[in-house]
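Note sheet for the following structure.
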Amino acid sequence: MQLRRKKSKDLSDNGLSQVPVFVIRKYRNITNLVLDGNKIHNLTQEGLLADFLFLEFLSIQRNFIGEVDSKFFAGLNRLKYLNLSLNNIRSWSGNQSNSTRDLEYLDITGTIDWVPDENILALPKLKELRGVTWCKFCPNCTVVNPRNLVNEAQRKQKAEECLREFDEMEFLEFGKKDPTRFVRHRFSPECMCVKQSECEFRHVVMPYFKKRTSLPQHLFYVQYIFSPFTILFNCVVIFVILSSRNLRKTASFILISHTGIIDLLIGIYAIWVAHVNISNIDSILEEVMWAGKELQPSTGPIFISGQLISVSISLLLTLERYLAVVYCVNPSKRMTAKGAHISLLFAWVTAITFAVLPIFGVGGLHYNIKRACTPLSYDEQFQSGSSLILLSSLACIVLLYLANLPLYLKVFRFVKRSSNQVGVKREISLARKIALLVFTNFIFFAIPIILILVFSIFAKLESNPFEFNGDSFKSTIFKISIGQWLPVTCLNINSLLDPFLYAFRHAHFKREVRRRLHRLSRKVFPSLTPAMNFNSVGDTVSYDAPKTKQMSKIDELKAPQSGARKRNILAANVEFEFQETEKQVTKSS
Numbered sequence: 005m006q007l008r009r010k011k012s013k014d015l016s017d018n019g020l021s022q023v024p025v026f027v028i029r030k031y032r033n034i035t036n037l038v039l040d041g042n043k044i045h046n047l048t049q050e051g052l053l054a055d056f057l058f059l060e061f062l063s064i065q066r067n068f069i070g071e072v073d074s075k076f077f078a079g080l081n082r083l084k085y086l087n088l089s090l091n092n093i094r095s096w097s098g099n100q101s102n103s104t105r106d107l108e109y110l111d112i113t114g115t116i117d118w119v120p121d122e123n124i125l126a127l128p129k130l131k132e133l134r135g136v137t138w139c140k141f142c143p144n145c146t147v148v149n150p151r152n153l154v155n156e157a158q159r160k161q162k163a164e165e166c167l168r169e170f171d172e173m174e175f176l177e178f179g180k181k182d183p184t185r186f187v188r189h190r191f192s193p194e195c196m197c198v199k200q201s202e203c204e205f206r207h208v209v210m211p212y213f214k215k216r217t218s219l220p221q222h223l224f225y226v227q228y229i230f231s232p233f234t235i236l237f238n239c240v241v242i243f244v245i246l247s248s249r250n251l252r253k254t255a256s257f258i259l260i261s262h263t264g265i266i267d268l269l270i271g272i273y274a275i276w277v278a279h280v281n282i283s284n285i286d287s288i289l290e291e292v293m294w295a296g297k298e299l300q301p302s303t304g305p306i307f308i309s310g311q312l313i314s315v316s317i318s319l320l321l322t323l324e325r326y327l328a329v330v331y332c333v334n335p336s337k338r339m340t341a342k343g344a345h346i347s348l349l350f351a352w353v354t355a356i357t358f359a360v361l362p363i364f365g366v367g368g369l370h371y372n373i374k375r376a377c378t379p380l381s382y383d384e385q386f387q388s389g390s391s392l393i394l395l396s397s398l399a400c401i402v403l404l405y406l407a408n409l410p411l412y413l414k415v416f417r418f419v420k421r422s423s424n425q426v427g428v429k430r431e432i433s434l435a436r437k438i439a440l441l442v443f444t445n446f447i448f449f450a451i452p453i454i455l456i457l458v459f460s461i462f463a464k465l466e467s468n469p470f471e472f473n474g475d476s477f478k479s480t481i482f483k484i485s486i487g488q489w490l491p492v493t494c495l496n497i498n499s500l501l502d503p504f505l506y507a508f509r510h511a512h513f514k515r516e517v518r519r520r521l522h523r524l525s526r527k528v529f530p531s532l533t534p535a536m537n538f539n540s541v542g543d544t545v546s547y548d549a550p551k552t553k554q555m556s557k558i559d560e561l562k563a564p565q566s567g568a569r570k571r572n573i574l575a576a577n578v579e580f581e582f583q584e585t586e587k588q589v590t591k592s593s
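Read left to right, the sequence shown gives residues 5 to 593 (my numbering).
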């Protein structure tokens with residue numbers, strides 16, 4: 005009996021359209037039957053092979069099989085291996101468990117119009133399904149049942165780990181139909197368990213990412229609320245300063261106007277990032293995460309150049325206040341409009357140059373859409389030149405912010421020694437406004453960076469739950485929220501607050517705004533608005549009314565004074581940054 009069970013019959017390439025009857029009658033005791041390369045179209049005839057009581061191996065590959073009925077295999081109770089590869093099966097009906105309960109291996113390589121369903125997955129001893137194709141990204145996938153992999157310890161362990169990961173990420177809730185069916189029956193598609201494969205990306209990474217980022221995507225709607233106000237208020241700052249001859253010739257307001265330009269760009273940048281995350285999340289996942297495309301240069305350079313220019317302007321504003329306070333009685337040492345323009349030109353050229361370097365791949369740098377806070381990224385190890393450039397840029401920004409501290413310390417020390425001078429007190433009031441502006445800029449810049457560094461360091465120590473190396477997707481919410489939503493939101497809020505921290509609180513700026521509003525009201529309601537006499541000197545204006553106390557103080561400068569008296573009056577009125585214009589106002593009145 006044992007000898008007969010080892011017998012095989014090979015009827016390959018005989019042009020057979022069905023299993024011949026003479027084979028059934030003559031070779032009932034064979035264990036292996038090969039019918040490859042014939043012209044068999046369907047396997048639907050019930051019980052045709054029922055007399056092959058000892059058949060364990062059946063191969064019918066390279067035929068034209070389109071329809072299969074489980075009843076065709078009735079009686080093959082010992083069949084362990086069934087090879088139907090290189091056919092194009094379109095349907096498989098019936099209950100396969102009733103016909104081949106001992107089936108362990110099924111090969112359907114080449115079939116693209118049918119995917120094994122519950123009829124096949126319910127086989128109690130099935131170990132392996134070969135050549136399963138449910139999409140073009142997962143061709144000829146091998147699907148295994150780890151419970152039946154008795155003699156393959158390593159393969160069994162890997163399959164169990166993969167299923168465990170699917171359970172932890174709740175794959176059944178977001179997975180697609182066919183792979184979900186396999187996982188539900190505790191089969192592990194090995195092609196989906198291969199890290200960084202396209203099959204894993206399409207059926208695990210991408211659906212999981214979309215599921216876990218629904219909250220951050222909704223959070224980005226906040227940008228649509230903040231950004232219009234950010235753009236509006238900073239446009240007001242820019243318009244008022246540029247349209248006022250007095251303001252646009254003053255060093256501090258030249259710097260503030262450039263801050264307004266940066267904040268305006270950040271408002272636009274925030275809207276763009278929100279649009280990308282809300283509307284184009286699929287294209288981000290497909291084109292950026294898988295295809296490896298870089299962040300569009302229209303956003304990355306805006307962020308980097310904005311950060312570098314912003315920190316440069318903060319330092320220049322601090323320096324301007326420092327010179328204004330320490331040298332309040334010596335106006336020649338204060339920052340001039342020309343000096344401000346030269347400094348800003350240097351800052352813009354430096355920032356833009358650094359911002360465009362990643363576009364050309366200098367130093368291995370490139371823009372990475374997955375981190376809006378620090379969109380520069382590199383592919384090599386920590387010791388690489390790319391990382392040094394990136395870390396150096398971040399260190400440079402931090403050092404420029406820290407450079408403000410010694411200047412403010414000197415300012416406050418000077419104030420203590422000169423506390424009896426009214427003009428110094430007024431200058432220090434302006435310095436406090438600048439300090440608040442610089443401090444908020446640093447805070448809103450530093451918070452996202454610090455959080456990213458903290459979580460990155462934590463990820464190196466503990467892979468769960470904050471894993472940032474891309475092998476696990478449990479940290480997706482943290483990546484999107486902290487690495488993308490929070491930085492943009494912080495920048496947007498900071499840009500929204502900037503006009504209120506200095507420009508809208510400055511007396512001269514508010515005066516210019518009132519003039520613009522008065523002119524507008526004169527045009528709209530000429531009969532309801534009091535008349536104002538605009539003279540020919542720039543934007544200055546005089547009313548048909550007695551001089552104010554401020555003008556009276558300025559008049560005192562024209563009278564002969566002693567040296568000490570003259571210095572005190574000059575210090576008391578040092579807050580007028582437009583002295584030449586104000587003198588002409590006095591003359592005209």
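Glycine included, C-beta positions come from ideal geometry on N, C-alpha and C.
Note that the coordinates shown come from a computational prediction; the quantities given were computed from them, not determined experimentally.
- K75 and Y85 have their C-alpha atoms roughly 17 Å apart.
- Within the same chain, Cβ atoms closer than 6 Å to the Cβ of M173 are found at Y212, the five residues on either side in sequence being excluded.
- Counting C-beta atoms within 10 angstroms of its own C-beta, A163 has 16 or more neighbours from the protein chains shown and is therefore classed as buried.
- In the three-state DSSP reduction, W489 falls in the helix class (H, G or I).
- With a minimum length of 4 residues, the unbroken runs of alpha helix (DSSP H) contained wholly in the stretch 157-210 fall at 157-172, 175-178 and 181-188.
- Three or more beta-carbon pairs separated by less than 8 Å link the stretch 246-263 to the stretch 341-356, which places the two stretches in contact.
- Judged by DSSP in its simplified three-state form, G135 adopts strand.
- Between L404 and L323, the C-beta gap is not smaller than 8 Å, which leaves the two residues out of contact.
- Within the DSSP secondary-structure output, Y85 pairs in a beta bridge with F61 and Y109.
- D267: member of the alpha helix (DSSP H) spanning A255 to S283, first to last residue.
- Residues of the same chain with a CB within less than 8 Å of the CB of R188, apart from the 5 flanking positions on each side, are L176 in chain order.
- According to DSSP, residue pairing for L47 in a beta bridge involves V72.
- In the displayed model, L127 falls within coil according to three-state DSSP, outside both helix and strand.
- Taking all protein chains shown into account, F446 has 16 or more neighbouring C-beta atoms within 10 Å of its C-beta and is therefore buried.
- If you check the CB distance, A255 and G310 do not come in under 8 Å.
- Annotated three-state conformation of L153 is coil, per DSSP.
- Cβ neighbours of I438 within its own chain (closer than 7 Å, five residues either side excluded): L321, T322, R325 and Y506.
- When the beta-carbon positions are compared, R252 and I258 come within less than 8 Å of each other.
- When secondary structure is reduced to three states using DSSP, C145 falls in the strand class.
- Rounded to whole angstroms, the gap between the alpha carbons of D17 and V27 is 15 Å.
- Around the Cβ of F504, a 10 Å sphere holds fewer than 16 other Cβ atoms; the residue is exposed.
- Every unbroken stretch of the beta strand (DSSP E) spanning 3 or more residues and falling wholly within the stretch 16-42 is given here in chain order: 36-38.
- In the DSSP assignment, K342 falls within the unbroken alpha helix (DSSP H) covering A341 to V360.
- I93 and S63 have their C-alpha atoms some 15 Å from each other.
- Between the alpha carbons of A78 and Q100 lies a distance of about 9 Å.
- A straight-line Cα-Cα distance of about 8 Å links L125 and F186.
- Taking a 10 Å sphere around the C-beta of R417, we find fewer than 16 other C-beta atoms and assign the residue as exposed.
- With a threshold of 16 other beta carbon atoms within 10 Å, I454 falls short and is exposed.
- It is roughly 27 Å from the alpha-carbon of Y31 to the alpha-carbon of L130.
- Counting only the Cα atoms, V517 lies some 18 Å from L500.
- DSSP, reduced to helix, strand and coil, places S314 within a helical segment of the structure shown.
- Where S12 is concerned, the enclosing beta strand (DSSP E) starts and stops at S12 to D14.
- When the Cα atoms are used, F191 and L167 turn out to be separated by approximately 8 Å.
- No Cβ-Cβ contact shorter than 8 Å links C239 with C142.
- With 16 or more other Cβ atoms from the protein chains shown falling within 10 Å of its own Cβ, R206 counts as buried.
- Judged by DSSP in its simplified three-state form, S97 adopts strand.
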